[in-house]
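Working notes for the structure below.
Numbering (the numbering used here), first residue to last: 1 to 404.
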């Protein structure tokens with residue numbers, strides 16, 4: 001992996017991604033990232049040569065796989081600045097991580113308690129709290145956005161009351177790319193006596209995250225968005241919070257003792273990891289974290305900022321294109337074209353070998369706020385470069401000609 005000596009300082013890692021052929025511009029990394037060769041090799045090796053169960057077998061290969069699995073937990077903890085590997089719970093994805101918090105931590109809430117969300121949240125950070133509301137009678141408040149599409153923390157401060165028990169916000173919007181000042185959000189939540197949960201799916205692949213410095217209470221992200229495998233996610237929570245939370249699922253591995261009269265449970269994180277885990281997924285995440293760390297998160301952030309600046313500059317020159325989100329969005333550019341449905345934009349771009357996302361992006365309340373049913377979204381990864389921006393613009397110019 002090398003850095004090109006260009007003004008934009010674009011990364012040159014395309015050779016590491018075998019699923020991206022020459023001439024294909026993959027601009028849907030916010031949905032799921034392509035996988036570098038070290039991740040593919042780690043997953044293949046785990047299934048092909050090293051596979052065995054974990055935490056159960058006394059034979060050597062099972063012990064070796066257990067060591068590798070727990071090494072992945074330690075690597076993940078270090079990567080996000082967790083105080084202990086025991087604060088890392090492996091789940092199926094960020095969605096399950098949020099649902100786990102809503103189900104286990106949230107069951108202590110009651111009617112009269114309140115939860116604060118924001119207008120830009122992904123459905124995964126809305127629906128679990130609505131399900132909790134339906135079970136317990138808690139109330140949900142929604143913080144507005146500022147003019148550029150950032151969560152309005154001044155409004156959050158004004159809205160918070162002692163009745164609020166949780167603030168749940170996205171670190172980076174999956175539609176607008178706007179970045180939350182997490183530390184200020186944490187300070188505001190804690191001043192009101194509430195906890196802060198952060199959806200970090202779009203942040204962890206793009207910027208350095210230190211949960212201790214951010215002072216949040218829960219942090220979730222998905223492996224597949226940080227160039228790792230699907231089917232694995234991470235829930236980080238403070239050790240004292242995990243200790244007081246009841247189990248999520250019941251089954252093997254999460255128990256201390258089981259009788260027909262009574263069951264006692266293992267301490268975290270095992271308490272929340274019932275059944276055989278996604279062993280190979282954890283090893284793939286370890287490889288993905290090593291890969292991203294090897295490139296350097298500062299370099300990745302600068303790289304994607306350069307691509308966003310290029311894309312917004314080029315797209316803003318097309319009269320019929322409407323851009324959403326702030327100029328300094330993190331790796332994501334959402335847009336619309338007057339009179340053209342985003343699905344048509346996506347279809348025509350696909351004919352031009354450009355892959356984008358078109359739709360509501362699991363953020364329908366945000367679409368309503370923007371006054372559109374859907375947007376087109378180009379999202380960048382470490383494998384993208386200026387040629388991808390050129391291809392995107394050529395494709396959009398063809399869209400405007402077709403629908404003129």
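Don't be surprised by glycine CBs; every beta carbon is placed ideally from N, CA and C.
Burial state of residue i, where buried means 16 or more other Cβ atoms lie within 10 Å
i	result
residue 389	buried
residue 202	buried
residue 317	exposed
residue 319	exposed
residue 273	buried
residue 336	buried
residue 47	exposed
residue 351	exposed
residue 73	buried
residue 343	exposed
residue 75	buried
residue 15	exposed
residue 399	buried
residue 96	buried
residue 219	buried
residue 59	exposed
residue 67	exposed
residue 395	buried
residue 205	buried
CB contact flag (residue i, residue j, <8 Å)
i	j	result
residue 125	residue 168	yes
residue 50	residue 64	yes
residue 70	residue 239	no
residue 222	residue 359	no
residue 177	residue 330	yes
residue 392	residue 62	no
residue 10	residue 249	no
residue 418	residue 363	A query on residue 418 cannot be resolved here, the shown segment of the chain reaching from 1 to 404 and no further.
residue 182	residue 171	yes
residue 80	residue 211	yes
residue 104	residue 207	no
residue 102	residue 144	no
residue 361	residue 175	yes
residue 333	residue 323	yes
residue 186	residue 216	yes
residue 353	residue 23	yes
residue 403	residue 339	yes
residue 325	residue 149	yes
residue 195	residue 189	yes
residue 278	residue 90	yes
residue 33	residue 381	yes
residue 252	residue 281	no
residue 384	residue 131	no
Identity of the residues DSSP links to residue i by a beta bridge
i	result
residue 151	145
residue 408	Residue numbering for the chain in the displayed model covers 1 to 404; residue 408 lies beyond these limits and cannot be assessed.
residue 219	198 and 236
residue 188	Residue 188 is not bridged to any residue.
residue 323	335
residue 164	114
residue 263	258
Below-8 Å beta-carbon distance, residue i vs any chain D residue
i	result
residue 358	Looking at the structure shown, chain D is missing, and only one protein chain is on hand.
Three-state secondary structure assigned by DSSP to residue i
i	result
residue 337	strand
residue 113	strand
residue 255	strand
residue 35	coil
residue 377	strand
residue 80	coil
residue 26	strand
residue 169	strand
residue 139	strand
residue 357	strand
residue 382	coil
residue 88	strand
residue 179	strand
residue 402	helix
residue 245	coil
residue 405	Any answer about residue 405 is impossible in this case: the structure gives the chain only from 1 up to 404.
residue 17	coil
residue 365	helix
residue 93	coil
residue 273	coil
residue 120	coil
residue 393	helix
residue 64	helix
residue 106	helix
Three CB pairs or more closer than 8 Å across the region 284–291 and the region 215–232: The region 284–291, when compared against the region 215–232, does touch it at the 8 Å Cβ threshold.
Given 8 Å as the limit, is there contact between the region 113–122 and the region 254–261, that is, 3 or more CB pairs closer than that? The region 113–122 makes no contact with the region 254–261: fewer than 3 CB pairs, one atom from each, lie closer than 8 Å.
Under 8 Å, with one C-beta from each stretch per pair, do the region 341–357 and the region 370–382 reach the 3-pair mark? Note that the region 341–357 touches the region 370–382; at least 3 beta-carbon pairs, one per stretch, sit closer than 8 Å.
Is the region 155–175 close to the region 102–116, with three or more CB pairs under 8 Å? Contact holds: three or more Cβ-Cβ distances are below 8 Å.
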